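Trainee: Position one of the sequence shown corresponds to residue 43 (the working numbering), numbered consecutively onward. Dropping the structure in here first, questions after.
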Amino acid sequence: MNALIPWMERAARMALRGHGQAEPNPMVGCVILDSSGNFVAEGYHHRCGGAHAEVDALRHAGARARNGTAIVTLEPCNHHGRTGPCSQALLNAGVARVAYGCCDPNPKAAGGGDMLRAAGVDAFHLPCAAAERVTAPFLYRVRTGLPWVIAKWAQSADGRIATKPGEPRWISGPESRAMVHRERGRVDAILTGMGTVLTDDPLLTVREARASRTPVRVVWDPRLSIGVDRALVRTARETPTVVACTPEALAERSSHANMLRECGAEVRAVDGLRALLASLRTQCATLPAGDRTGASTVLVEAGAGLVRSLHAEGLINDVWVFTAPHTIGDAGPRSMAPMSAAALAGLPCVWHGTRGVDAVEVRRVGG
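Here is the structure:
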């Protein structure tokens, strides 16, 4: 194994600290070693519009970066935007070597590696699974024009995602729910379906964590049947809400659409789930104060039907599965988890751990 790989993995862990603030930019981490290969400093891209990871790390390194090595998860940019090009910052710092885990596919920013090599720096691509995982959402957005989609669900030990009538509806414990709320506060949109709206009448707001963002709530309602008495509609003036339906439903139920708009919801007609996600990537929601930027990350909190439909169209990138230690038994056909244990086990594991008594696993579906 290349001796720089552990440092690249450390840079990837640093990059994750930017989740929820760096987007729509990529999450990027950087580690600086001195000329003897000893650790000097590290940094990451804290927020969109702020210093990039290389600049953050170089600030901490100071003169010790001269003749040293920079290990960065993504090829240094060569772009004059809100900040200067990272390739020039590395050159100015006198770094002798630059290893990057992923090549930048963005034509506006790519070319940093070539620029450094032309200036005499030993810049090279060092493939690393950890760097590829953390950069995958950005690469996917550039390649497809779609947001990165995370599907989340809680299930019992026997693979049920719904409890029996009369039983408490929570399957996962408070620690798992707190983790979900933290993720809600980092994404741009939360997508749910009418089955969940009718069964749970959720708010889908961030309540148990400090939020970096206020996610737009999106309901996939093909028939435009959501009632104005539902919590998502009642609170649409406080929290941005989009009701997405088919063009046919909008034409047939235009008066109902106007009622939803009067409640503060945006009604959007799209030709299916892929078109919905593409529209969210272009524009998340229209607010009285103006337009929100497009969604980079969408969290799906829905029943098995919508999750399976998204998966069938290849629109899910990650799944977060919270498995409680107890069993539920037969709670009806709608209670079965979207994926079987065997199907989950066949997906690459990005992370696994525990929250309270629940087992948590993050699996990569596509991207």
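Glycine included, every Cβ here is placed at the ideal spot set by N, Cα and C. Nothing here was measured: the structure is a model prediction, and the numbers come from that model.
1. Between which two residues does the alpha helix (DSSP H) containing Ile410 stretch?
2. Could you give the first and the last residue of the continuous alpha helix (DSSP H) run that contains Arg155?
3. Looking at Thr288 and Arg259, is the spacing between their C-beta atoms short of 8 Å?
4. Val340 lies in the beta strand (DSSP E); which residues open and close that run?
5. Determine, using beta-carbon pairs with one atom in the region 169-183 and one in the region 43-54, whether at least three such pairs fall under 8 Å.
6. Helix, strand or coil for Arg406 per DSSP?
7. Do you know offhand how far Ala337's Cα is from Ala135's?
8. Can you find the residues in the same chain that come closer than 8 Å, C-beta to C-beta, to Arg249, ignoring five residues on each side of it along the sequence?
9. So is Trp393 buried or exposed if we call it buried at 16+ other beta carbons inside 10 Å?
10. Using only the alpha-carbon positions, how far apart do Trp262 and Ala193 sit?
11. Could you have a look at Met381 and say whether DSSP puts it in helix, strand or coil?
12. Please classify Asn80 as buried or exposed, where buried requires at least 16 other C-beta atoms within 10 Å of its C-beta.
13. Identify the residues that DSSP records as bridge partners of Leu75: which are they?
14. Between which residues of its own chain and Leu389 is the CB-CB distance below 8 Å, once the five residues before and five after are set aside?
15. Suppose you measure from the CA of Val184 to the CA of Pro207; what does that come to, to the nearest Å?
16. Cutting at 6 Å between CB atoms, please list the residues of its own chain near Glu217, excluding the five before and the five after it.
17. Could you check what DSSP says for Val361 in three-state terms: helix, strand or coil?
18. Suppose you measure from the CA of Arg323 to the CA of Ala231; what does that come to, to the nearest Å?
19. Where Trp212 and Thr365 are concerned, what is the direct C-alpha to C-alpha distance, given to the nearest angstrom?
20. Considering only the alpha carbon of each residue, which of Asn109, Leu58 and Asp98 lies closest to Leu75?
21. Between Gly345, Asn148 and Asn300, which has its C-alpha nearest Glu117's C-alpha?
22. Would you kindly work out how many angstroms separate the C-alpha atoms of Pro127 and Ala253, rounded to a whole number?
23. Assign Val340 to one of two classes, buried (16 or more other C-beta atoms within 10 Å of its C-beta) or exposed (fewer than that).
24. Would you decide whether His14 is buried or exposed? Buried here means 16 or more other CB atoms lie within 10 Å of its CB.
25. DSSP has Ile268 in a bridge; who is on the other side?
26. Closest by CA to Val284, which one among Leu266, Arg295 and Arg226?
27. Counting only the same chain and skipping the five closest in sequence on each side, list residues whose C-beta sits under 7 Å from that of Ala320.
28. First and last residue of the beta strand (DSSP E) that includes Gly143?
Mentor: Judging by the given coordinates:
1. Missing from the structure shown is residue 410; the chain here goes from 43 to 409 and no further.
2. Note that residue 155 is Gly in the sequence shown here, rather than Arg. Element bounds for Gly155: Gly154 to Ala160.
3. Against a cut-off of 8 Å, the Cβ pair of Thr288 and Arg259 comes out as no contact.
4. Thr339 to Val342
5. yes
6. strand
7. 35 Å
8. His223
9. exposed
10. 14 Å
11. Coil, per DSSP.
12. exposed
13. Phe81 and Thr111
14. Val361, Arg405, Arg406 and Val407
15. In this structure, the alpha-carbon of Val184 lies about 44 Å from that of Pro207.
16. If you ignore the 5 residues before and after Glu217, its C-beta comes within less than 6 Å of the C-beta of Arg397 and Gly398, all in its own chain and listed in chain order.
17. strand
18. 10 Å
19. 12 Å
20. Asn109
21. Asn148
22. Inter-residue distance for Pro127 and Ala253 is about 30 Å (C-alpha atoms, whole angstroms).
23. buried
24. Since the first and last residues shown for the chain are 43 and 409, residue 14 lies out of range.
25. Note: Ile268 sits in no beta bridge, so no partner.
26. Leu266
27. Gly187 and Leu188
28. Arg139 to Cys144
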